[in-house]
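Residue numbers for the sequence shown follow my numbering, so the first one is 17 and each next one is one higher. Have a look at the structure below, then the notes.
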Amino acid sequence: LIGGRRRHLMSPPVLAKLDAWTIVERTSKQDAALALGLDLRELALQDIEEIGTCNALAVALLSANLLTELTHSIFACIRLKKLDLGKNNLTGLPARDEWTRLPELLVLYLHDNDISSLHAVGELVGLPNLVRLTLFDNPCAKHPSYRHYCVNSFLTLRALDLHVVSDEELIEGATFS
């Protein structure tokens with residue numbers, strides 16, 4: 017155990033680009049399309065274009081890489097339920113219409129990136145079933161209205177960062193006629 021986590025005896029290769037061989041080691045591209053989960057953490061990935069070939073993917077762990085943007089390929093994984101993009105170099109987020117292509121996404125980790133705009137965070141309203149979101153350690157999380165904005169923008173959200181969304185927070189944002 018290193019840092020509380022089990023490590024393989026062999027270190028993963030340092031990669032600059034994700035390819036079908038890396039997606040599911042020792043499988044064909046056809047078999048990669050059947051993968052339900054990928055653990056590609058800490059591989060120094062700068063590109064995840066080939067991930068779009070994983071049509072059945074439900075869980076993608078892509079934290080601690082070198083991703084600076086999300087390309088359309090991730091949105092081809094329409095069965096995604098959990099997407100971990102924490103600890104990358106993301107500065108913005110794709111438009112709302114891209115996020116609507118992931119209707120089953122429940123959990124999205126975006127913590128420890130460089131997302132500065134609450135407007136960019138607002139694009140995530142395209143995720144109709146999002147229940148858990150992390151954005152801590154991003155510049156946008158320092159905005160005075162950050163938490164209030166998020167809990168009242170994402171109606172299905174049950175946890176933001178490391179805290180459960182309380183009923184009081186939702187009532188604060190309610191508008192009554």
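Glycine is no exception: its CB is placed at the ideal position from the N, C-alpha and C atoms. As the structure is a computational prediction, the values presented were derived from the model and not from experiment.
Three-state secondary structure (DSSP) of residue i
i             : result
arginine 148  : strand
lysine 97     : coil
alanine 80    : coil
leucine 140   : helix
alanine 72    : coil
aspartate 183 : helix
leucine 109   : coil
alanine 175   : strand
leucine 134   : helix
arginine 42   : Only weak support exists for where arginine 42 lies, its pLDDT of 49 falling under 50; the value from the coordinates is given anyway. In this structure, arginine 42 counts as coil in the three-state DSSP scheme.
Contact set for residue i: own chain, Cβ-Cβ below 6 angstroms, skip 5 residues either direction
i                 : result
asparagine 154    : Asn129, Ile131
glutamate 114     : Phe91
valine 123        : Lys98, Arg148
phenylalanine 170 : Leu146
asparagine 104    : Asn81, Leu83, Asn129
alanine 136       : Gly108, Leu109
Whole-Å CB distance - residue i paired with residue j, under 8 angstroms assumed
i             : j            : result
threonine 84  : glutamate 65 : About 13 angstroms separates the two Cβ atoms, so there is no contact after all.
threonine 116 : glycine 142  : 4 angstroms
Residue j beta carbon less than 9 angstroms from that of residue i
i             : j            : result
histidine 109 : leucine 78   : Per the sequence shown, residue 109 should be read as leucine rather than histidine. Not in contact: leucine 109 and leucine 78 (Cβ atoms no closer than 9 angstroms).
asparagine 81 : leucine 59   : yes
leucine 140   : glycine 102  : no
alanine 111   : cysteine 93  : no
alanine 72    : leucine 50   : yes
leucine 151   : tyrosine 162 : yes
isoleucine 67 : leucine 54   : yes
Proximal residues to residue i (C-beta, below 8 angstroms), its chain only, five neighbours per side dropped
i              : result
isoleucine 106 : Strictly speaking, residue 106 in this sequence is leucine, with isoleucine absent from that position. Counting only Cβ-Cβ distances below 8 angstroms, and skipping sequence neighbours, we find Leu83, Thr84, Glu85, Leu86, Leu126, Asn129, Asp130, Ile131.
valine 167     : Leu173, Leu176, Val181, Glu185, Leu186, Gly189
asparagine 145 : Pro119, Glu120, Leu121, Leu122, Thr172
Same chain, Cβ closer than 7 angstroms to residue i, five either side skipped, listed in chain order
i           : result
leucine 134 : Cys156, His159, Tyr162, Tyr165
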